[in-house]
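J.: Count the sequence shown with the numbering used here and you get residues 28 to 396, in order. Using N, Cα and C, we set each Cβ at its ideal position, and we do this for glycine too. In this text the structure is predicted, and so the values were computed from the model without any measurement. I have a structure here, written as structure tokens, and I will follow up with some questions on it.
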Amino acid sequence: MERKPLKVGEKEARLPLIQGGMGVGISLGGLAGAVAAEGGVGLISTAQIGFREQDFDRDSLGANLRALKKEFDRARAISPQGVIGFNIMVASRCYEAYVKAAVEAGADIIVSGAGLPMDLPKEAACAAREAGRKREPALAPIVSTEKAARVILRYWDKKYSRVPDLLVVEGPLAGGHLGFSGEQLEAFRRESGQGDGDISLAYEEEIQAILQTVRSFEEKYGRKIPVALAGGIDNREKAQKAFSLGADAIQVASRFVTTEECDADIRYKEAYIRAGKEDIVIVKSPVGMPGRAIRNRFMERVMGGEQIPHSPCHKCLHTCNPAKIPYCITDALICAAKGEVEDALLFCGANAWKADRIETVREVIESLL
């Protein structure tokens, strides 16, 4: 396969590959730096990134912002010239503070989902001015539908007279929180072909609709808006399919979990290797969004209606009400990163069960491209 470089703002990645941001503590500086060093785009997830800091329970935001800078510096030491950035969830409390810290740290790109980052251009530009940067990092919203793409493109055009530097299209086979309703996911699942972990024909049509909308804004601005396709891309054939559909790049996450360089505990990686196809399930997150995870003792308890005691609120997401949630997503994801896998929420992509060994980042990239 011809491997065309990927334009990322003022920089260029040698390979058209983005490593998806995985929180809490799964894609930190080690993984992001390794991917960037191989020519891809490495992303650090800011979601509760400071969970290992001593004052995390007392000052979550302070711990997270401090760890954000540490992890970026660690990634940059691994890959001095590579493209390194952050994945920041719109649903995060203090979203603006994370954007500001990412810009100040020196991020090349900010990828933002879990909601539409409507005012990201303003926040990034203000942070860049305060930090003395000539311009803000490349900005890349995550969308899952043509409607979402149209809303964000029109809003940025009308309010900020600009378009995204890159657009990530995250499909129904992705891991973690998903940008679809349960009914939409079930409809896609029933499509022929998706039983084998392939993009359904219905979602292929959605991708084409998104690309058509993107092209209309490319014409208006006279510039290319690269589109990366994400969700279920786990081998060379899936990557080729993504490019044949019109994608300029692929975003891959789950394949990088079972690498030597991934920042997660080895027991988390081994949970992927042990998982069977039937163990990958759609779950309801305590903040109301559907997500995809590996069935384990923790999930059995949650799916059985049990209320899991949790720590004091770490103020991670806008939509969370600590008094009403069945479990704390921060607690569950920290357990995952630490390797306490039976008491954890093990987010994963639809094809995570195919992992059968620990690889290196280079081996994964070579298998994809």
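Span of the alpha helix (DSSP H) holding residue 298?
T.: Taking the first residue of the sequence shown as 1, we reach residue 298 at position 271. Taken as a continuous stretch (DSSP letters only), the alpha helix (DSSP H) holding residue 298 covers 293-301.
J.: Using CA atoms only, rank isn't needed, just tell me which of 111, 38, 89 is closest to residue 62.
T.: If you number the sequence shown from 1, residue 62 lands on position 35. Answer by Cα proximity: 111.
J.: Measuring alpha carbon to alpha carbon, tell me which of 235, 288, 295, 212 ends up nearest residue 365.
T.: Start at 1 with the first residue of the sequence shown, and residue 365 comes out as number 338. With distances taken between Cα atoms, residue 365 lies closest to 295.
J.: Should residue 197 be counted as a contact of the ligand ADP given a C-beta to heavy atom distance under 7 angstroms?
T.: With respect to the ligand ADP, the structure offers nothing, as it holds no ligand at all.
J.: Where residue 32 and residue 267 are concerned, what is the direct C-alpha to C-alpha distance, given to the nearest angstrom?
T.: The residue you call residue 32 lines up with position 5 of the sequence shown. The residue you call residue 267 lines up with position 240 of the sequence shown. If I take the Cα positions, the gap works out to 15 angstroms.
J.: Alpha carbon to alpha carbon, how far is residue 219 from residue 227?
T.: Here residue 219 refers to the residue found at position 192 when the sequence shown is read from its first residue. Here residue 227 refers to the residue found at position 200 when the sequence shown is read from its first residue. Because the pLDDT of residue 219 is 42, which lies under 50, any placement of that residue in the model is unreliable, and the number read from its coordinates should be weighed accordingly. When rounded, the distance between both Cα atoms is 7 angstroms.
J.: Let me confirm a value: residue 125 is counted as buried when at least 16 other C-beta atoms fall within 10 Å, else exposed. Which label applies?
T.: On the sequence shown, position 98 is the one that residue 125 refers to. Buried, since its Cβ has 16 or more Cβ neighbours within 10 Å.
J.: For the stretch 115-193, list the alpha helix (DSSP H) runs that are entirely contained and at least 4 residues long, ordered along the chain.
T.: Taking only runs of at least 4 residues, the alpha helix (DSSP H) segments lying wholly in the stretch 115-193 are 122-132, 147-158, 173-182.
J.: Taking 8 angstroms as the cut-off, decide whether the C-beta atoms of residue 282 and residue 306 are in contact.
T.: Locating residue 282 in the sequence shown gives position 255, counting from the first residue. Locating residue 306 in the sequence shown gives position 279, counting from the first residue. Not in contact: residue 282 and residue 306 (Cβ atoms no closer than 8 angstroms).
J.: As an exercise, report each continuous beta strand (DSSP E) stretch of at least 3 residues that is fully enclosed by the stretch 247-294, in chain order.
T.: Qualifying beta strand (DSSP E) stretches, in chain order: 254-257, 276-279.
J.: Since residue 39 is in the beta strand (DSSP E), which residue starts that stretch and which ends it?
T.: On the sequence shown, position 12 is the one that residue 39 refers to. Counting along the chain, the beta strand (DSSP E) containing residue 39 begins and ends at 38-40.
J.: With a cut-off of 8 angstroms on the beta carbons, I'd call residue 35 and residue 68 a contact; round off their distance for me.
T.: Taking the first residue of the sequence shown as 1, we reach residue 35 at position 8. Taking the first residue of the sequence shown as 1, we reach residue 68 at position 41. Right, their Cβ atoms sit about 6 angstroms apart.
J.: Only counting runs of 4 or more residues, tell me where the alpha helix (DSSP H) segments fall wholly within the stretch 49-126, in order along the chain.
T.: Correct list: 56-64, 87-105.
J.: Which word fits residue 397, buried or exposed, when buried means at least 16 other C-beta atoms lie within 10 angstroms of its C-beta?
T.: With the chain covering 28 to 396 only, the question about residue 397 has no answer from this structure.
J.: For the pair the stretch 162-176 and the stretch 308-318, tell me if three or more CB-CB distances fall below 8 angstroms.
T.: They do not touch, by the three-pair rule.
J.: Can you give the beta carbon distance from residue 151 to residue 130, rounded, assuming they're within the 8 angstroms contact cut?
T.: Your numbering for residue 151 matches position 124 in the sequence shown. Your numbering for residue 130 matches position 103 in the sequence shown. So it is a contact: roughly 6 angstroms between Cβ atoms.
J.: Return yes when the Cβ of residue 259 is within less than 8 angstroms of the Cβ of residue 265, no when it is not.
T.: On the sequence shown, position 238 is the one that residue 265 refers to. On the sequence shown, position 232 is the one that residue 259 refers to. Going by C-beta atoms, residue 265 is nearer than 8 angstroms to residue 259.
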